[in-house]
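Numbering (my numbering), first residue to last: 86 to 319.
Even for Gly, the Cβ is constructed at its ideal location relative to N, Cα and C.
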């Protein structure tokens, strides 16, 4: 199975070559209710595999309840999924609880169902984005995907082993693996602490040393020196 990184590179190359899909405007979105949560599902893509749609819906209800319970009980109870035929990224949160998915990505990689997990973690985060480091925001979202994803292995998705040249500022899976290491080796609960500081808009760089006794860069240097002893692959 190709690696997730290679899948993403291939997908973005295809987008640059001008891959297109014929879409349609959905006048009446589908609405689903379960256990106090509501999902509104909109799609411009009449050719979206119904199995993919069903898995997206099931994944939402399975993981969002867990994420909100653990990270934000006050998070939005109603979320909108919008499958966009013109969007050239993979997925993004475009509003308070509005998630846009690329129909191209869903067609090319229908097994990557935990793109849902990553994005609804952003909904649960509810950070004041202008005051939050992007690398840490994305790292926590991929940390949540690592912990709560329903089928990461089916998508060929995992946290990559450390390689020379990586840096925590790359965010996403690189930062997520760094966070896993900190949870296991430095301070259990540090991810939740950082999440709450970000959520309240009071994150600052000195937090790392206040909480662990090490600066962020000192933690990274220690992390890179311990990789032979650690495995967080799934």
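Residue i versus the options, residue with shortest Cα-Cα distance
| i | options | result |
| --- | --- | --- |
| residue 203 | 232, 195, 157 | 232 |
| residue 212 | 137, 160, 274 | 160 |
| residue 189 | 230, 238, 143, 128 | 128 |
| residue 297 | 287, 175, 267 | 267 |
| residue 237 | 215, 270, 199, 150 | 199 |
| residue 147 | 260, 118, 312, 210 | 118 |
| residue 149 | 194, 172, 210 | 210 |
| residue 168 | 205, 133, 195, 193 | 133 |
| residue 274 | 256, 248, 293 | 293 |
| residue 205 | 142, 216, 218, 290 | 142 |
| residue 279 | 255, 303, 241, 217 | 217 |
| residue 140 | 180, 290, 194 | 194 |
| residue 242 | 175, 230, 115 | 230 |
| residue 214 | 176, 291, 180 | 180 |
Beta carbon of residue i nearer than 8 Å to that of residue j
| i | j | result |
| --- | --- | --- |
| residue 308 | residue 263 | yes |
| residue 145 | residue 235 | no |
| residue 228 | residue 265 | yes |
| residue 272 | residue 259 | no |
| residue 178 | residue 208 | yes |
| residue 130 | residue 173 | no |
| residue 226 | residue 244 | no |
| residue 270 | residue 295 | no |
| residue 137 | residue 191 | yes |
| residue 257 | residue 305 | no |
| residue 196 | residue 239 | yes |
Extent of the continuous beta strand (DSSP E) run through residue i
| i | result |
| --- | --- |
| residue 124 | 122 to 128 |
| residue 240 | No beta strand (DSSP E) holds residue 240; DSSP gives it neither H nor E. |
| residue 199 | Segment: none, residue 199 is in no beta strand (DSSP E) and carries neither H nor E. |
| residue 165 | 163 to 169 |
| residue 178 | 176 to 178 |
Residue span of the alpha helix (DSSP H) that contains residue i, given as start and end
| i | result |
| --- | --- |
| residue 187 | Where residue 187 is concerned, there is no enclosing alpha helix (DSSP H), although the beta strand (DSSP E) it sits in stretches over 183 to 187. |
| residue 277 | 275 to 285 |
| residue 119 | No alpha helix (DSSP H) contains residue 119, which is instead part of the beta strand (DSSP E) from 115 to 119. |
| residue 139 | 135 to 156 |
| residue 303 | 301 to 310 |
| residue 294 | 292 to 297 |
| residue 259 | 257 to 266 |
heavy atom of the ligand FMN below 7 Å from residue i C-beta
| i | result |
| --- | --- |
| residue 212 | This structure lacks the ligand FMN, and indeed carries no ligand of any kind. |
Counting Cβ pairs closer than 8 Å, one from the stretch 124 to 138 and one from the stretch 147 to 165, do we hit at least three? yes
In chain order, what are the residue ranges of uninterrupted alpha helix (DSSP H) at least 4 long that sit wholly in the stretch 208 to 237? 219 to 233
Below 8 Å, can you find three or more Cβ-Cβ pairs linking the stretch 148 to 157 to the stretch 175 to 192? no
Does the stretch 272 to 288 come close enough to the stretch 216 to 229 that 3 or more CB-CB pairs lie under 8 Å? yes
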